[in-house]
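Data block below; observations after.
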Amino acid sequence: MVSIKRNAKGEFAEAKGLRVRKTSIYEPGQKEVFKISRSKFSNFMDCERCFYLDRVKGLQEPGMPGWSLNTTVDDLLKKEFDFYRERKEPHPIFERYNLNFIPFQHEDIDKWRNSLSGGISYHDKGTNLILQGGIDDVWFNLDTNQIVVADYKAQSTKINPEKNYYLNGTYHQSYKMQMDIYVYILRKMGFNVSDTSYFMVCNGEKNGDRFDATMNFTITLIDYDTDTTWISEKITKMKSVLDSDTLPTRNPNCENCAYLEQGAKFI
């Protein structure tokens, strides 16, 4: 996909391919704290070279259009759960799955759900990195007094999701990593967090005869047992990559690296 740069007014702007905001670029060996978003951590896990080019060299990847329909589903679900949060009542989906849950109440819930305002965050003193990200929601297990991380997922497939199929999907491995990181951060923030998290999968139905400006969704809860044991080691490794003066080796499966290398030959 060709990406054309525009400014906030929608006017064409020169694409330079480099970041201009200094706080998004890491200087190897720097003493100042540096923020790493959950998505950038995932990028590190996928390809250390692309991560290094982005965070250290300031190479800016082409922009991507927003997923407006997915974002709309997320926003509406947050409003829906807030309705029950204010009343300290269970959402009907909890009763359907026999879960003794209510939406978790916290004064910072809106901040947690907005990555632009900081989301949830943890300062790793050993590396001086701040790991942060915006979550979709947090629920409260009345049986265990633990908070439960929830993530909304909108999709449209012919087959409604089934747990093993969904969690083992090729493009869903990053979803599980995302959950692991959220649970890790919340625990570092001092919360008693359940190992079990939930994907609330909203599947747009395709079996209608016509649109009529209406789309129906089938909603399924997929429970996932998180694993946070791998994260501390990877944070340390990420710090060593950031401090390196050498470009990391290429991930042979990375299409971005392949595109850069082949494009450079032609140019």
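Numbering (my numbering), first residue to last: 1 to 267. Ideal Cβ placement from N, Cα and C applies to all residues, glycine included.
What does the alpha-carbon distance come out to for the pair residue i and residue j?
i	j	result
I36	S115	12 Å
Y122	R210	48 Å
A8	K40	24 Å
L18	Y182	29 Å
L129	M215	43 Å
M179	D46	16 Å
K206	K158	7 Å
Q262	Y171	25 Å
Y52	Q30	15 Å
For the alpha helix (DSSP H) that contains residue i, what are its first and last residues?
i	result
D46	38-46
G268	Beyond the ends of the chain as shown, which are 1 and 267, falls residue 268; an answer cannot be given.
D209	No alpha helix (DSSP H) holds D209; DSSP gives it neither H nor E.
I181	173-188
N164	163-167
If you check the beta carbons only, do residue i and residue j fall under 8 Å apart?
i	j	result
D151	K78	no
K153	V193	no
K22	T127	no
V241	P248	yes
I25	F12	no
R113	I135	yes
S174	N203	no
Between which two residues does the beta strand (DSSP E) holding residue i run?
i	result
L129	129-133
I120	120-124
V138	137-141
I219	217-225
Please name the residue or residues paired with residue i in a DSSP beta bridge.
i	result
A150	D137, Y198
K35	I130
V337	Past the edges of the chain, shown from 1 to 267, lies residue 337, and the structure says nothing about it.
G204	F217
R6	F12
Indicate whether at least one CB of chain D lies closer than 8 Å to the CB of residue i.
i	result
R21	No chain D appears in this structure, which consists of one protein chain only.
Just checking residue i against the ligand GTP - is the residue's beta carbon closer than 7 Å to any of the ligand's heavy atoms?
i	result
R21	Among the components modelled here there is no ligand, and therefore nothing to report on the ligand GTP.
*List in chain order: all unbroken beta strand (DSSP E) runs of 3+ residues lying wholly within the segment 85-110.*
101-103
*Secondary structure, alpha helix (DSSP H): runs of 4+ residues fully inside the segment 226-252*: 231-242
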